[in-house]
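One structure below.
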Amino acid sequence: MRSRDDLFDETPAPAAPRAKPPRGRGRAEPPKERWEGTLVDAARPVLEAVLLLNRAAQGFDPTLSEFRRTVNNALEEFRLQARRMGILEEEVQSAMYALVSFADEMVSASTWSGRDQWEAQSLEQERFKSSLAGQKFFENIDALRDSQRQVLEIYYVCLTLGFEGGYRGDDQEKRRELGAKIEALRRRLGVPVPSWDRPFFDEAYRPLRSSERAQRAMGRTWLVLGGATGLGALVMYFVYWLLLLMKAGESASHLRGG
1283 MRSRDDLFDE TPAPAAPRAK PPRGRGRAEP PKERWEGTLV DAARPVLEAV LLLNRAAQGF
1343 DPTLSEFRRT VNNALEEFRL QARRMGILEE EVQSAMYALV SFADEMVSAS TWSGRDQWEA
1403 QSLEQERFKS SLAGQKFFEN IDALRDSQRQ VLEIYYVCLT LGFEGGYRGD DQEKRRELGA
1463 KIEALRRRLG VPVPSWDRPF FDEAYRPLRS SERAQRAMGR TWLVLGGATG LGALVMYFVY
1523 WLLLLMKAGE SASHLRGG
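Structure (C-alpha cells):
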C-alpha cells in the first residue's frame, strides 16, 4: 500500500515508453512503380532496345544483324518471363504481337541506316507471317477482355510510346481518332492521366522533372490529338520515352561493344 508521502511525492514520474506505431504506419514505404511486376515490366528490354533508334542522330547505328538479334533476344526473354508469370499462351502471343508491331513501326519512322533492309522483311512477317499491324493491332485491343488487363497494358504502353498503325500520317481527323482511342483505353484500364508533378516513374524522373526540358528533346508531337486527350498522350509519351532512354545507353554500349 502507498503511504501519504508517496501520494504527494513531487518527483516526476519516468516518461512512459512511446508506443510503437501500428504495423503498416510510421515511415512510409517508397511507392511501388505502377508497372512493377507486370507484363509491362517484363517488356522493358524490348522497349528499351527499340527506343535506342531515337539516338540515331547521336551516332547509334548498329548493323541490321546486331539490332535484329538484340530485339529478338529481348522478345524471347519477354516470352519466357511472361510464361513464368503464368500468362496464358494466347495472351503471350497477343502481347508479343503488340511489341513486334511497335518495333516495326519505330524502325519505319527512324533514320537508322538499316531501316530499308528491316522493312524488306519486317519482324511481323518473320514472326507472324503477316503484314496487318496497322489494323490488327487495334482489332486485338477490341477483342481483349477486361480480365486480360496485363495484355491491354502492353498495347496501351505501345500507343503512348508512339505506335499509330493505320492512323499514321498527317490527317488531322485520323489523329484525333487515334487520340480518342488512346483515351478510351486509358479509361478502360483506369490509369490516371499522368502529369509532370506526379510522373509514373517518379524516382527515375527526378532529374527530368521540367516539362520544358523534356519538350526541347522531343522528336515528334502529339499535340494534334486535341484538347486534354492530346495533352495526356503527349505527357505519357515523354514519361515513357525519357525513362526508357535512361537505360537505353547501357544497351547501346553493349551493341557497340558486340
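Residue numbers (our numbering): 1283 to 1540. Idealized CB from N, CA, C, for every residue including glycine.
- Express the C-alpha separation of residue 1427 and residue 1449 in angstroms, rounding to a whole number. 23 Å
- Item | residue 1385 and residue 1353 closer than 7 Å at C-beta | yes
- Find out if the Cβ-Cβ distance for the pair residue 1415, residue 1408 is shorter than 7 Å. no
- Please determine if the region 1332 to 1340 and the region 1385 to 1395 are in contact, where contact requires at least 3 C-beta pairs separated by less than 8 Å. yes
- How is the alpha helix (DSSP H) around residue 1369 delimited, first residue to last? Run containing residue 1369: none; DSSP gives neither H nor E here.
- Task: May I ask you to report which of helix, strand or coil DSSP gives residue 1469?
- Result: helix
- Task: Check the C-beta distance from residue 1436 over to residue 1380 and give it rounded, since I have them as a contact under 8 Å.
- Result: 5 Å
- Excluding five sequence neighbours on each side, which residues of the same chain lie with their C-beta closer than 8 Å to the C-beta of residue 1322? 1432, 1435, 1436 and 1439
- Item | Any C-beta of chain E under 7 Å from that of residue 1451 | The structure shown contains no chain E, having only a single protein chain.
- Query: When burial is assigned at 16 or more other CB atoms within 10 Å of the CB, is residue 1447 buried or exposed?
  - Reply: buried
- Query: Assuming residue 1350 contacts residue 1378 under a Cβ cut-off of 8 Å, what Cβ separation, rounded to an integer in Å, is found between them?
  - Reply: Incorrect: roughly 16 Å between the Cβ atoms, too far for contact.
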